[in-house]
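Quick note on this note's numbering: the sequence shown kicks off at 175 and runs consecutively. Every residue gets a Cβ at the ideal spot worked out from N, C-alpha and C, and that includes glycine.
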Amino acid sequence: MRNNRASERYAKSLFQLSIKDNLLNDVKSDIDYLKKLFSSSREISQLYINPIIPIYHKIEITNKIFEGKINDLTLRMMLYVIYRKRDNLIENILLKFNEIYNDYNNIVESEVITTSKLDDENLEYIKSFAKKITKKSISLKEKIDNNIIGGFNLKVGDKMYDCTVSKKIKEIKKILINN
175 MRNNRASERY AKSLFQLSIK DNLLNDVKSD IDYLKKLFSS SREISQLYIN
225 PIIPIYHKIE ITNKIFEGKI NDLTLRMMLY VIYRKRDNLI ENILLKFNEI
275 YNDYNNIVES EVITTSKLDD ENLEYIKSFA KKITKKSISL KEKIDNNIIG
325 GFNLKVGDKM YDCTVSKKIK EIKKILINN
């Protein structure tokens, strides 16, 4: 990640200001919106990374795109970062803010990877399993991957639980080859 320390400083400042101004939930929803927007729109992502685009254009575009759509505090942070010529860090700042928010609220981000979409009952079961392991609240994302044949992979924090058919097949293959 580019300049992790600077990103963390900006994210911490935004987090502390949002708590001070009692805007934490609003800023968190802005951060989620911005992360989704940056990941879905290559043009917006490239706007802040590109050093050739003049600062005043970036500020003008940022105001036009986000004014009235995101909280004033979040917009001011983005503009401040652009003024300081650190706009290439905006995406990292969003990620760092999420990490700080999750630590503050005792939330662990988790991901379940399956071959097809799970029903609500199974999602809740997996969520409760992950909650037992971590003793924290779980933010569960679902991902589809046809390469795992069956079963699921569960990533909880930095741990991975591989309960897939493809893993079992590899284990059996290894046993057969070694015997």
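Annotation for Leu314: the continuous beta strand (DSSP E) segment containing it runs Ser311 to Ile318. Under the 10 Å beta carbon count, Asn321 is surrounded by fewer than 16 other beta carbons and is classified as exposed. Per DSSP, the continuous alpha helix (DSSP H) segment holding Glu234 begins and ends at Ile229 to Phe240. If you draw a 10 Å sphere on the C-beta of Tyr230, you find fewer than 16 other C-beta atoms in it, and that means exposed. The three-state secondary structure of Asp336, taken from DSSP, is strand. For Leu328, the three-state secondary structure derived from DSSP is strand. Gly331 is not a Cβ neighbour of Val286, given a cutoff of 7 angstroms. The C-alpha of Ser213 is placed about 7 angstroms away from the C-alpha of Ser219.
Below 8 angstroms, too few C-beta pairs join the segment 285-304 and the segment 255-262 to call them touching: fewer than three.
Cβ-Cβ distances below 7 angstroms link Phe326 to Val286, Ile287, Thr288, Cys337 and Thr338 in the same chain, with the five nearest sequence neighbours on each side left out; the list follows chain order.
Residue environment: Glu295 is assigned as exposed (fewer than 16 neighbouring CB atoms within 10 Å of its CB, all protein chains considered).
Here Ile349 carries a helix assignment [DSSP, helix/strand/coil]. Bounds of the alpha helix (DSSP H) holding Thr248 are Asp246 to Tyr257.
The beta carbons of Ser340 and Ile323 sit closer together than 7 angstroms. Here Thr289 carries a coil assignment [DSSP, helix/strand/coil].
Scanning Asn352, Tyr275, Lys317 and Leu253 for the CA closest to the CA of Ser203 turns up Tyr275. Taking 7 angstroms as the cut-off, the Cβ atoms of Ser181 and Asn266 count as close. With fewer than 16 other Cβ atoms inside 10 Å of its own Cβ, Met334 counts as exposed.
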